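>
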Amino acid sequence: MARLNLYGRAAELDHVDDALRAATRHGGGVVIVITGEAGIGKSALLESIQRQARDAGFAVGWARAAPVDDVAAGALVLLALRSGNQPLVDTETFQNLATIFDKRLWLADQIADILEDRAQRQPILIALDDFQYADPLSRFLMRALTGRLAGSSIIWAIARRGSQAEAAEEIAAGALDATVDVDHIALGPLADEDIFALAAEIVGHPLSAPARQQLRVATGNPLLASQLSRQIASGHLADADNAAIPGSLLISLQTRTRRLGGPARDLLHLAAVWGRPLTFTTAAEMLGLTSTQEVLDRARDAAALGLLNVDGDAVEFPHDLIREFCYGALSRSAKIDLHRRCAAFIMVATNGNAVRAAPHAEACARLGDAEAISILRTAAEQCLGTVPHAAAELALVAFALAKPHDPDWQDVGQACAEILLEAQHGAEALNIVDELLQPAVDPNRWAQLQVIAARALWLTGRLSELVDRVDTTLSLTGVSAELIARLTATKALALTRVESASVAEATAQRALQMDGGVDPAVALIGLQALGQAARNEGRYGLALDRFHSLRTRFGPQYVSSEIMTLQNLDRYSEAQSLLDAAFHGADSHSEAVLPDLLLAQQWQDWHLGHLDAAAATAHSLIRVSDELGNRANKIEALILLGIYAALQKQFEQGAALLSEASRDFAADNSAHPPEFALVRGYLCAAMGDPTTPVAVLAPMVREATQRHDHWPDPSRLTNAFRRLQEWPRLLAGAAMSGQQRALADQCVAQAELFARRNPAVQTLQGIAAQTRGIVEQDVRLLQDAAAILAEAPRVMLHARARADLGHALIRSRRRRQGVVELELALSLYERLGLPLYFDEVQAALEKAGQSVPRSARSVRPKFGWGALTDTERAVARHVAAGRTNRATAEALNISIHTVNTHLRSIFAKLDLHSRVQLANAWNARPIN
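According to the UniProt record's numbering, the sequence shown holds residues 1 to 928 in order.
#1: Buried or exposed for T884, going by 16 or more other Cβ atoms inside 10 Å?
#2: What residues match up with D129 in a beta bridge as DSSP calls it?
#3: Rounding to the nearest angstrom, what Cα-Cα distance links T282 and A494 in this structure?
#4: What three-state label does DSSP hand G642 in the structure shown?
#5: How is E316 classed by DSSP in three states: helix, strand or coil?
#6: Taking the alpha-carbon positions, what's the W156 to V624 distance?
#7: List the endpoints of the continuous beta strand (DSSP E) containing R276.
#8: Assuming the contact rule is C-beta atoms closer than 8 Å, T378 and A354 should be a hit. Round their C-beta distance to whole Å, please.
#9: In or out: S475 buried (at least 16 other Cβ within 10 Å) or exposed?
#10: Given a cut-off of 7 Å, decide if P189 and A162 are closer than it, judged by their beta-carbon atoms.
#11: In the DSSP assignment, what residue or residues form a beta bridge with A159?
#12: For R332 and V182, I'd like the C-alpha separation in whole angstroms.
#13: To the nearest angstrom, how far is it from the Cα of I375 to the Cα of L608?
#14: Quick one, which of A186, L598, A919 has its alpha-carbon nearest A11's?
#15: In the DSSP assignment, find the unbroken alpha helix (DSSP H) run with N536 in it and report its ends.
#16: Around the C-beta of F58, are 16 or more other C-beta atoms found within 10 angstroms, so that it is buried, or is it exposed?
#17: How long is the line joining the alpha carbons of A825 and A887, rounded to whole angstroms?
#18: Using the three-state DSSP reduction, which class does H15 fall into: helix, strand or coil?
#19: Note the first and the last residue of the continuous beta strand (DSSP E) segment covering H548.
#20: So what's I894 in DSSP terms, helix, strand or just coil?
#21: Could one say the Cβ of Q765 lies closer than 7 Å to chain B's Cβ atoms, at least one of them?
#22: What residue from V273, D313, L296 has the CA that sits closest to T279's CA?
#23: Rounded to a whole number of angstroms, what is the C-alpha to C-alpha distance between Q95 and W106?
#24: Give the DSSP-derived three-state secondary structure of I40 in the structure shown.
#25: Hey, could you find the ends of the alpha helix (DSSP H) V820 is sitting in?
#26: Restricting to Cα atoms, I'd like to know which of E381, P407, R230 is closest to L396.
#27: Any idea if residue 951 is buried or exposed, counting beta-carbon neighbours within 10 angstroms, 16 or more meaning buried?
#28: Please report the distance separating the alpha-carbon of S827 from that of A485.
#29: What would DSSP say about H405, mapped onto helix, strand or coil?
#30: Does the structure place the stretch 204 to 214 close enough to the stretch 11 to 28 that three or more beta carbon pairs sit under 8 Å?
#31: Would you call the CB atoms of A744 and A735 closer than 7 Å?
#32: Excluding sequence positions up to five away, which residues of its chain have a Cβ less than 7 Å from the Cβ of R915?
#33: Helix, strand or coil, according to DSSP, for A881 in the structure here?
#34: Tell me where the alpha helix (DSSP H) around I100 begins and ends.
#35: If you pair each beta-carbon of the stretch 901 to 910 with each one of the stretch 864 to 878, do three or more pairs fall below 8 Å?
#36: Would you kindly report the start and end of the unbroken beta strand (DSSP E) that includes D183?
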């Protein structure tokens with residue numbers, strides 16, 4: 001069918017032309033979202049935009065989503081990369097991408113690298129049509145790529161059915177990266193003159209007055225106008241006075257389908273159910289025809305009536321509304337029969353690609369339909385690695401179709417619950433387990449289900465319930481030794497969060513002894529529990545041995561625990577070597593390891609005083625955690641950023657970040673709300689408020705001292721608080737200010753317990769001396785602490801020790817020595833960029849009569865070149881020189897996600913929008 005001219009969209013095309021020119025001249029991209037009702041001309045406008053872009057020298061990729069694509073992993077975006085005569089991605093590169101389809105983050109990173117490199121040589125337009133049908137992986141890639149490539153010369157044009165408000169809601173819900181520029185083009189009805197011009201082109205001659213009157217029924221909808229125009233061309237006019245828009249289209253389509261012969265109607269119905277372009281070969285096989293020529297003959301009959309388009313060796317509908325009409329005209333029994341045939345054909349033709357068959361299986365399924373259940377279960381397993389949310393939905397549908405009295409109901413339910421667990425849908429998995437436990441089951445089946453329940457409860461933070469369920473199950477007779485060992489190991493891991501370390505350790509050892517090395521799952525969980533128990537007690541050397549064994553036995557995905565234990569031992573060089581190796585080999589690991597690596601890097605940077613780098617990594621961790629649905633690590637990132645904001649004297653922002661962390665924690669742990677007051681107490685102590693931290697922490701410290709544990713009650717601690725090793729010193733200072741000597745003595749006991757268990761760790765030795773020195777007001781102990789921490793790797797702790805010593809010396813009338821120590825602390829805080837502590841020490845010096853020049857660096861400006869951190873300046877230098885994000889990451893030995901975060905921050909601080917603008921600004925920057 002010949003392509004028609006585009007009428008009535010000149011303003012929209014001018015708007016797009018401006019975006020194309022801007023991308024060509026200045027770099028940077030934009031997302032253009034085209035919305036409107038069905039038939040309003042979104043696809044036609046998208047085609048014109050593609051022609052515009054090609055004429056302007058853009059490389060163009062295009063794809064259209066189909067109604068049955070909603071679980072076809074990445075189909076929309078991946079097809080766009082390979083479309084046309086000059087695809088955006090060559091065959092070899094695309095085949096390499098196929099090896100990581102099950103790793104969403106790596107896939108997004110690799111595609112971003114490819115497009116970023118291509119965009120440096122030629123601007124790119126990627127057009128995605130019928131986005132309302134996009135599959136979950138394509139939506140994920142869309143969000144990830146638009147964010148990662150915001151500064152590159154790439155324009156995304158997306159057409160979706162619906163209103164502008166609906167599109168805005170989808171974007172607000174995370175369909176696109178929040179930092180990306182988005183333009184909305186909401187298509188409204190065409191003017192009568194444009195409708196008449198379109199109709200005249202279709203009819204082939206000027207329109208009569210009755211024809212014009214008839215066309216007004218279309219009320220500006222181009223699709224309805226084109227359908228009416230074909231009626232006019234054939235000499236048939238409907239009653240213009242009484243016809244409504246849907247009725248007019250319905251009459252037109254009904255008339256034309258009745259004119260088709262039975263064989264052509266069969267092809268039309270099959271194409272409607274198939275839901276995507278239907279090849280002649282597939283149609284011939286499914287219709288039982290002997291040749292594709294017979295299909296072509298039938299297709300030509302339908303095409304002559306405007307019901308189908310013939311495109312190469314396939315047929316498709318001219319518009320989805322026509323497909324919907326043809327599908328709606330089928331009886332329910334006919335739909336079920338055709339969907340069942342489509343599902344069966346796909347399973348055979350694709351060698352068991354259940355993901356492709358799943359939409360058909362779901363459409364024809366009835367309660368107890370074993371074949372549909374099998375396809376849906378298999379589809380869930382096949383797409384679990386790429387689109388876990390879709391896998392979870394398929395598993396829920398499969399279980400809903402199973403009947404409790406079916407002999408395989410328990411097996412189906414257990415398999416679906418395990419899929420939900422792998423997809424991180426703990427609450428739904430637990431619901432299925434509890435339903436399966438309602439009828440009487442044998443003890444081993446009961447135990448198997450409780451193993452799944454325990455994992456679900458771990459995910460949702462309901463740890464006390466986990467322990468109770470396990471204890472109930474262990475009391476049953478007839479449970480196999482293997483299941484008893486696995487349940488006991490799982491209980492041990494939960495006990496590391498809700499009981500003393502000694503109880504958790506004894507339980508883990510018992511599980512390992514029961515198992516005798518038979519079940520790898522018991523060894524894995526047991527080692528995790530033993531490592532965590534040792535770390536809870538502050539036995540870091542033992543914890544390191546256990547976490548090292550965990551990694552060497554079960555793979556590099558467990559390296560983060562080993563890294564963070566090395567940090568506890570002041571072995572930061574070894575920790576960084578492991579981090580570098582892990583990031584370098586990350587593509588070969590499960591993507592689930594990335595948040596843990598970023599978490600370890602965040603604390604590595606924080607402890608070493610690279611606070612800006614730690615904050616950048618925390619922002620990267622939040623982004624990655626959102627992409628993967630990992631709330632636990634996101635919470636730690638938010639807490640770190642909240643503390644950092646407070647230390648920057650941005651108190652409202654700090655409070656907001658901690659509130660967000662608290663909300664995220666509560667979303668996953670509704671049964672055990674977090675004690676985020678712990679972190680608030682820590683911050684209040686850091687800011688000199690003695691009342692709040694004493695009220696919050698005193699009961700926990702008292703309990704920990706009585707139990708001889710390293711930490712206060714582990715069930716009430718966030719992981720982030722555990723990593724802030726300096727809390728005994730801060731709380732002891734707050735306790736002394738609040739005249740709580742007993743609490744201060746307990747802090748001393750805790751700090752010295754840490755130190756005794758780790759005699760080679762300078763940081764812990766220094767904190768112990770510092771804490772006792774603060775409580776006993778002993779200058780000698782504070783001098784020892786400052787000397788020890790000067791040799792330790794944590795600069796912030798050294799600065800605090802110098803400040804404590806300076807204050808103590810001045811109080812003991814040794815002003816000159818005290819001023820020297822305070823000036824050293826001031827210089828350290830200036831280097832760290834901590835206005836809260838800097839101003840505190842500066843005020844103390846002035847009170848002591850020491851004149852202190854106001855430092856220009858005590859508060860960094862928010863905008864301009866002076867606002868950039870050292871790392872941001874290094875990233876800007878590399879990007880301005882034309883290096884890609886990956887090359888920049890390798891040169892600076894940081895992750896590509898951190899480079900992306902820095903680049904966003906650079907653009908915001910310099911009010912830039914593209915890499916080209918950054919290069920120009922860098923070359924024109926002030927020399928100083």
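Don't be surprised by glycine CBs; every beta carbon is placed ideally from N, CA and C.
From a predicted model like this one, the values you see are computed outputs, not experimental measurements.
Taking the definition as stated:
#1: buried
#2: R64
#3: 54 Å
#4: helix
#5: strand
#6: 22 Å
#7: Run containing R276: none; DSSP gives neither H nor E here.
#8: 4 Å
#9: exposed
#10: Note on residue identity: the sequence assigns Gly, not Ala, to residue 162. No; because the gap between Cβ atoms is not below 7 Å, this pair is not in contact.
#11: I34
#12: 42 Å
#13: 52 Å
#14: A186
#15: 520 to 536
#16: buried
#17: 38 Å
#18: helix
#19: That residue, H548, is in no beta strand (DSSP E); its alpha helix (DSSP H) goes 540 to 554.
#20: coil
#21: Chain labels in this structure do not include chain B; a single protein chain is all it has.
#22: D313
#23: 15 Å
#24: coil
#25: 815 to 832
#26: E381
#27: Any answer about residue 951 is impossible in this case: the structure gives the chain only from 1 up to 928.
#28: 56 Å
#29: coil
#30: no
#31: yes
#32: G27, G151, S152, V879
#33: coil
#34: From DSSP, I100 is part of no alpha helix (DSSP H); its letter is neither H nor E.
#35: yes
#36: 182 to 186
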